[in-house]
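Right, one structure below, let's go through it.
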Amino acid sequence: MFFTKYKIIFMIKYCNYKMNGEVGRGLHIFLDYVNYKSPVEDDGEWMLNKLRENVKKSGIREVHSHVEKFDGTKSPPGFAAVILIDESHVTAHCYSEIGLLAVDVFTCGNNDPQIIVDNLKELFSETIEGIKLVREQKIGRFIK
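Written out as structure tokens, the structure is:
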């Protein structure tokens, strides 16, 4: 079986991720941004496409994807984009009126979510002027 450098590092670091002495399988990474400004007119579709591209590049199988756009009538303006993957999910939720963007990447298989996270961080810094990452948090999941 062929393992990439990233998969080997991931398996060493996270498949037996210890939290309070317990062993888990899976890693959940959260990114919180401020100063989000839409880089295109239809940013919900743009974000969904970027999430899908990065899931595909990482070698993870996409099961389903959807974007829900909010016009401000029932929920604050923005969007929620979700990619259901066979190992869990990748999501982005935006409150466009106040410039907040939250990204959530969770895998529980042999694929490293950090690959997706790193690609998205680079994409956002290159395409969204003034965006600022204010939190990146990693949490081990499926604690045994």
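Residue 98 in our numbering sits at position 98 of the sequence shown; the count goes up by one each step and never skips.
No residue lacks a Cβ here, since even glycine has one placed at the ideal position from N, Cα and C.
Query	Result
Put Thr127 into one of helix, strand or coil per three-state DSSP.	helix
For Gly26, which residues in the same chain have their Cβ closer than 6 angstroms to its Cβ, ignoring the five residues on either side in sequence?	Cys108, Arg141, Phe142
If you drop the 5 nearest sequence neighbours on each side, which residues of the same chain put their C-beta closer than 6 angstroms to that of Ile29?	Val105, Pro113, Val117, Lys138
Looking at the structure shown, is Glu122 part of a helix, part of a strand, or coil, going by DSSP?	helix
Which of helix, strand or coil does DSSP assign to Asp43?	helix
Determine the extent of the beta strand (DSSP E) in which Phe142 is found, giving its start and end residues.	Run containing Phe142: none; DSSP gives neither H nor E here.
With H, G and I counted as helix, E and B as strand and the rest as coil, what does DSSP make of Gly21?	Caution applies to Gly21, whose pLDDT of 49 falls short of 50 and renders its modelled position unreliable; the model cannot decide the point.
Would the segment 124 to 137 and the segment 62 to 78 be scored as touching if the rule is three or more Cβ pairs under 8 angstroms?	no
Sorted by chain position, which residues of the same chain lie with C-beta nearer than 6 angstroms to Glu136's C-beta, five sequence neighbours on each side aside?	Leu31
Which whole-angstrom value describes the C-beta separation of Ser65 and Val82, a residue pair presumed to lie in contact below a C-beta threshold of 8 angstroms?	7 angstroms
In three-state DSSP terms, what is Ser38?	coil
Per DSSP, Glu68 forms a beta bridge with which residues?	Ala80
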